[in-house]
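When we follow my numbering, the leftmost residue of the sequence shown carries the number 14, and every step to the right adds one.
For glycine and all other residues, C-beta sits at the position ideal for the given N, C-alpha and C.
Here's the structure, in structure tokens; my notes come after.
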Amino acid sequence: MSGPNPRAAAVAALVRQEQDGFSNLVLDAELKRQQLEGRDKAFASAIFYTVLEHRGTLDYILCQFLPKGLAKLDAPVREILRSALAQARYMQVPVSAAVNEAVKLTRAFKKSSASGLVNAVLRKACSYDLSTARFRNETERLMVLGSAGRDVADFLRIHYPDEALGILTYAADGGMTSLRVNPLKADAATLCEKLAALGAAAEPGLVPGSVLAAFEGSPAENVWFRQGYFHVEGQASQLAALCVDAQPGETVIDLCAAPGGKTILLAEEMQGTGRLVSCDAAENRVGLIRTAVQRMGLTNVEALCNDATRQNPSLPQADRILVDAPCSGLGILAKKPDLRYKKLEPAREAELLATQSAILDTASSLLKAGGRLVYSTCTIDPAENEEQVAAFLARHPEFSVVTSEVPFPAGMTAGEHGALSVPTRTGMDGFFLCAMQKAQ
Numbered sequence: 014m015s016g017p018n019p020r021a022a023a024v025a026a027l028v029r030q031e032q033d034g035f036s037n038l039v040l041d042a043e044l045k046r047q048q049l050e051g052r053d054k055a056f057a058s059a060i061f062y063t064v065l066e067h068r069g070t071l072d073y074i075l076c077q078f079l080p081k082g083l084a085k086l087d088a089p090v091r092e093i094l095r096s097a098l099a100q101a102r103y104m105q106v107p108v109s110a111a112v113n114e115a116v117k118l119t120r121a122f123k124k125s126s127a128s129g130l131v132n133a134v135l136r137k138a139c140s141y142d143l144s145t146a147r148f149r150n151e152t153e154r155l156m157v158l159g160s161a162g163r164d165v166a167d168f169l170r171i172h173y174p175d176e177a178l179g180i181l182t183y184a185a186d187g188g189m190t191s192l193r194v195n196p197l198k199a200d201a202a203t204l205c206e207k208l209a210a211l212g213a214a215a216e217p218g219l220v221p222g223s224v225l226a227a228f229e230g231s232p233a234e235n236v237w238f239r240q241g242y243f244h245v246e247g248q249a250s251q252l253a254a255l256c257v258d259a260q261p262g263e264t265v266i267d268l269c270a271a272p273g274g275k276t277i278l279l280a281e282e283m284q285g286t287g288r289l290v291s292c293d294a295a296e297n298r299v300g301l302i303r304t305a306v307q308r309m310g311l312t313n314v315e316a317l318c319n320d321a322t323r324q325n326p327s328l329p330q331a332d333r334i335l336v337d338a339p340c341s342g343l344g345i346l347a348k349k350p351d352l353r354y355k356k357l358e359p360a361r362e363a364e365l366l367a368t369q370s371a372i373l374d375t376a377s378s379l380l381k382a383g384g385r386l387v388y389s390t391c392t393i394d395p396a397e398n399e400e401q402v403a404a405f406l407a408r409h410p411e412f413s414v415v416t417s418e419v420p421f422p423a424g425m426t427a428g429e430h431g432a433l434s435v436p437t438r439t440g441m442d443g444f445f446l447c448a449m450q451k452a453q
């Protein structure tokens, strides 16, 4: 192959992804290996994520023209078919270009014997009308039209029957990048003006202090990002940190903090004063917190490696604690396409619930009397959300649920055990939060 080939890089990364790699790590490694830059890098990334996001739909269409199915094909051929169909169907690439390039790739990957099959299948698949498809049941319809694995499709069918397909196909934050303005440097309106002057369309978001922007490239390449005027964080996630209501001069703990978005927001709310202890269980992720905090110029944050499921006597007693717990991630399927195909195994679910429960117990012992604890997740699973809070309150009668001072965007539902954002109702990520107070 002469020169960098973004299509080849995408296919190579998808082949590695099949072996269960973390999608972003697999892609980054392949882009570096092939030394792709600028538009080539952006095109390869777009193909890779478009395939992951729409794999269920792509596979269903391809299988209409593959009597033996996709599984029997060599991995490179399978990914060449998926990526070509993704380009034609979702990326405005002309069918002829998508098909011709796919045939060339079969040779580049030394699979020339499959070039006839790739050509024939793609010519039919690219013109397939999905509205004519007939499904055996609702789960299969969700798996195909919403591109999800069986477990996620079943979960949504059971818990959100009327919104299941909408949840699988929504564009988080209106398809824009959600930012949090640094109030120590600007307000949302000023940031919108600064971004617009550099060619990034921006508008205030649903959550006070949030901004929704459309960037050409990565937000991290923006001069205002480098100067600490904003950080990237979903609107619903910002809401959870705002509900902590951190005050200047207080001692605050962010127990599960990486990559650091909520920590930044808390430190800004504290106006760079007081003491904010920001923890994560993985040392490499603690590094992400430190980098983010330094870029924003915040000096009141201590980033620590700490396992929040265990008591740590060196942590201070805090006025406020945020537990943004590890969770199944079922609220952020639009942002993390790998989660669409996640296996929801009862044993792993039980282990996750036990972890969340242990972290909440740790938090309860670190909180001063009269202090506030906010529990949040990026899932819409009642077992990890309302039921987890109800169990915590049963174990800790000294805690009670309190109403947040922060106004909730339209569509959020607040109940006796917390508030829920479902993407189809709020336009934000799927998210849960509950603010609780410890008795004096």
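Residue j beta carbon less than 9 Å from that of residue i
i: V64; j: A23; result: yes
i: Q240; j: G218; result: no
i: A166; j: E176; result: no
i: S125; j: L27; result: no
i: L225; j: A254; result: no
i: T264; j: D332; result: yes
i: F56; j: S36; result: no
i: F78; j: A138; result: yes
i: R29; j: Y354; result: no
i: A161; j: L135; result: no
i: L192; j: H244; result: yes
i: Q369; j: A347; result: no
i: V220; j: V419; result: yes
i: L71; j: S58; result: no
Continuous beta strand (DSSP E) stretch holding residue i: start and end
i: K514; result: The question about residue 514 has no answer here: the residues shown for the chain are numbered 14 through 453.
i: D293; result: 288-293
i: A331; result: 331-337
i: T190; result: 190-194
i: Q450; result: 444-451
i: C269; result: Counting along the chain, C269 falls outside any beta strand (DSSP E), and DSSP gives it neither H nor E.
i: L317; result: 314-318
i: F243; result: 243-245
i: S223; result: 223-227
Proximity winner among the options, relative to residue i (alpha-carbon distances)
i: M309; options: A185, I60, C76, L197; result: L197
i: P422; options: R408, H430, T437, A209; result: T437
i: V10; options: Q453, L352, V336, L343; result: Examination of residue 10 is not possible in this model, given that the chain is present from 14 through 453 alone.
i: L406; options: A452, T392, L365; result: A452
i: A184; options: C447, D442, A42; result: D442
i: S144; options: E400, I74, L346; result: I74
i: V50; options: Q32, Q30, H67, P17; result: According to the sequence provided, residue 50 is Glu. The question's Val does not apply to it. Minimum Cα distance to E50 is reached at P17.
i: L252; options: D293, S223, A316; result: S223
i: G344; options: L301, N398, D320, R303; result: N398
i: A111; options: P19, T70, R149; result: P19
i: A210; options: A396, V236, N195; result: V236
Heavy atom of the ligand GDP within 8 Å of residue i beta-carbon
i: T304; result: In the structure shown, the ligand GDP is absent, as is every other ligand, since no ligand is present at all.
Cβ neighbour criterion (16 or more within 10 Å) applied to residue i
i: M283; result: buried
i: K104; result: With the sequence shown as reference, residue 104 is identified as Met, and Lys is not the correct amino acid for it. With fewer than 16 Cβ atoms within 10 Å of its Cβ, M104 is classed as exposed.
i: C269; result: buried
i: C340; result: buried
i: E206; result: exposed
i: T454; result: There is no way to answer for residue 454, as the model of the chain reaches only from 14 to 453.
i: F445; result: buried
i: A21; result: buried
Start and end residues, alpha helix (DSSP H) containing residue i
i: E399; result: 399-408
i: T63; result: 51-66
i: V116; result: 108-121
i: F168; result: 163-172
Exercise for the section: Decide yes or no for the touch test of the region 366-380 against the region 420-430: beta carbon pairs closer than 8 Å, at least 3 of them. Expected result: no
Exercise for the section: Inspect the CB distances between the region 155-175 and the region 320-328 and report whether three or more fall short of 8 Å. Expected result: no
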